[in-house]
Structure formats: structure tokens, C-alpha cells
Amino acid sequence: DTAVSQTPKYLVTQMGNDKSIKCEQNLGHDTMYWYKQDSKKFLKIMFSYNNKELIINETVPNRFSPKSPDKAHLNLHINSLELGDSAVYFCASSHDTSYGYTFGSGTRLTVV
Amino acid sequence: KQEVTQIPAALSVPEGENLVLNCSFTDSAIYNLQWFRQDPGKGLTSLLLIQSSQREQTSGRLNASLDKSSGRSTLYIAASQPGDSATYLCAPGDSGNTPLVFGKGTRLSVIA
Numbered sequence: 003d004t005a006v007s008q009t010p011k012y013l014v015t016q017m018g019n020d021k022s023i024k025c026e027q028n029l030g031h032d033t034m035y036w037y038k039q040d041s042k043k044f045l046k047i048m049f050s051y052n053n054k055e056l057i058i059n060e061t062v063p064n065r066f067s068p069k070s071p072d073k074a075h076l077n078l079h080i081n082s083l084e085l086g087d088s089a090v091y092f093c094a095s096s097h098d099t100s101y102g103y104t105f106g107s108g109t110r111l112t113v114v
Numbered sequence: 025k026q027e028v029t030q031i032p033a034a035l036s037v038p039e040g041e042n043l044v045l046n047c048s049f050t051d052s053a054i055y056n057l058q059w060f061r062q063d064p065g066k067g068l069t070s071l072l073l074i075q076s077s078q079r080e081q082t083s084g085r086l087n088a089s090l091d092k093s094s095g096r097s098t099l100y101i102a103a104s105q106p107g108d109s110a111t112y113l114c115a116p117g118d119s120g121n122t123p124l125v126f127g128k129g130t131r132l133s134v135i136a
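Protein chains in written order, with my numbering: chain A, 3 to 114; chain F, 25 to 136.
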């Protein structure tokens, strides 16, 4: 299956913990993104990587650190989790703006 | 900075009706526009991608139009079915690596 896959699908963790979310795409796309969807369902860009290089870094706490080992992977590491980090995080990829975006199925993070 | 507005925020219709979802955006210098569907608790599924040089795209019962100069797009759904119930999101895309900006979506309920 050609797709954008995220793991885990669900993540429940305590405040103060450090966690990672992984994303992989096998579409041959050269740009990958992390979006956050809050409780009001609003999707907001967090990071964008092109060929393993960070090109967009919106105003997010520096507790969030993306890592791209290669252009098919973009992982999101979160330190010192807070209650307000609870949300659904979506990974996406694109090859060229002509071809649109493909989204992963999301990771629902719950911080308790 | 691109801002996207979708009207209405929610819509409830009986099965079989034709309906129109509206999307407006502030920066008309877009490269394309993508319509997505999001089912509750799920990821985003791409429905239609319209390039800036096109005026419309069709897929089955869905038709999306684009008026780039006025900053508007509409998604027309013909003969709606209960399975069409979902949140519909539009996202204009800029050239280069600028990430998609989303509206808050239209939550559609089609009642049998």
C-alpha cells in the first residue's frame, strides 16, 4: 500500500513524560509536514521538511523537535509533555504542489 | 498570510438533496486548491485537487469549482447520501514549500 503511515495511532501518557510519534511515507514525496488538530478540530501547521531539511517552523514550543533521518521519514519528539499538548497530530507529505497532499491517519495524543 | 473561511460551519440535509459548500480565501495568489473529507476520529481523505489554471474538477457526485481572482471555491455534492456525512475541509496551496492552510471545515450530516 502506498501511503503515509503514522505510529502509534493512540498515545496516552502522563504529564512530564517524553514521547515520539513516527511517520513514514512510501510515495517518493520530498516534503513532509506535521499538523496539529486541536479540540476545536482546527488544523494548524507545525513543521515542514523538504529533503530532510527544516523549512517551516511555526510558533510551537521548543519541547517539540522534529527529526528527519531521510526524506521518507519525519518523526516528532515531544519533551516534558503538558496537558495542552493533547490533540491529534497528523503527518502529511507532498511531492510537488501540483499533486496535492497525502495525509496520515493521525495520532491521538492524550496527556493525563 | 492566507486565511480560509468555510461557510456554513454545519449543515444538516435530508438524503437526496443537492448541496453546496463554500470556501473563501484571502490571498488569491494560489497554485491550487484541495478539498478533503474527514470522518470522525479519522484522517483526511483527498477528494479533489484543482490547479489554479482550472475552473473545476469532477469526481463522481462531487464537483469543485475555483474562482481564483475572487478567492472562492465551492464543492457541489449531488444527490447526497448518509455516507457523505463528514467534515469537509478546503485548503488553498501556494507554490513552493508553503504548507497548506485549512479552514475550520463544514460539518455535514445527511439524514436518511
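Heads up, the beta-carbon is just placed ideally off N, CA and C, and yes, glycines get one too. Computed from a prediction, not measured in an experiment: that's the story for all the values here.
It is roughly 13 angstroms from the alpha-carbon of Y35 of chain A to the alpha-carbon of F66 of chain A.
C-alpha of P71 of chain A to C-alpha of L56 of chain A: approximately 12 angstroms in a straight line.
By the C-beta density criterion, L85 of chain A is exposed, having fewer than 16 other C-beta atoms within 10 angstroms. S50 of chain A has a beta carbon lying within less than 8 angstroms of a beta carbon in chain F. Chain-order list of chain A residues neighbouring S70 of chain F: G102, Y103, T104 and F105, by C-beta distance under 9 angstroms. Its chain contains I23, W36 and P68 as the residues whose beta carbon lies nearer than 6 angstroms to that of L78 of chain A, once the 5 sequence neighbours on both sides are disregarded; these appear in chain order. Going by C-alpha positions, N81 of chain A is about 45 angstroms away from E80 of chain F. In the structure shown, the three-state DSSP call for L85 of chain A is helix. In the structure shown, G117 of chain F falls within a strand segment according to DSSP collapsed to helix, strand and coil.
In the three-state DSSP reduction, P38 of chain F falls in the strand class (E or B). Beta-bridge annotation (DSSP): D72 of chain A is paired with A:H75.
With contact defined as three or more Cβ pairs closer than 8 angstroms, the region 87-105 of chain A and the region 31-39 of chain F are not in contact. Taking a cut-off of 8 angstroms for Cβ pairs, the region 88-95 of chain A and the region 88-106 of chain F do not touch, as fewer than three such pairs fall below it. Annotation: E27 of chain F is outside any beta strand (DSSP E) and is labelled neither H nor E by DSSP. For the pair L83 of chain A and K21 of chain A, the CB atoms are nearer than the 8 angstroms cut-off. Residue-level contact by beta carbon fails for T29 of chain F and chain A, as no gap is shorter than 8 angstroms.
Look at G108 of chain A: its C-beta is under 8 angstroms from a C-beta on chain F. With contacts defined by Cβ atoms closer than 8 angstroms, T33 of chain A and S95 of chain A form a contacting pair.
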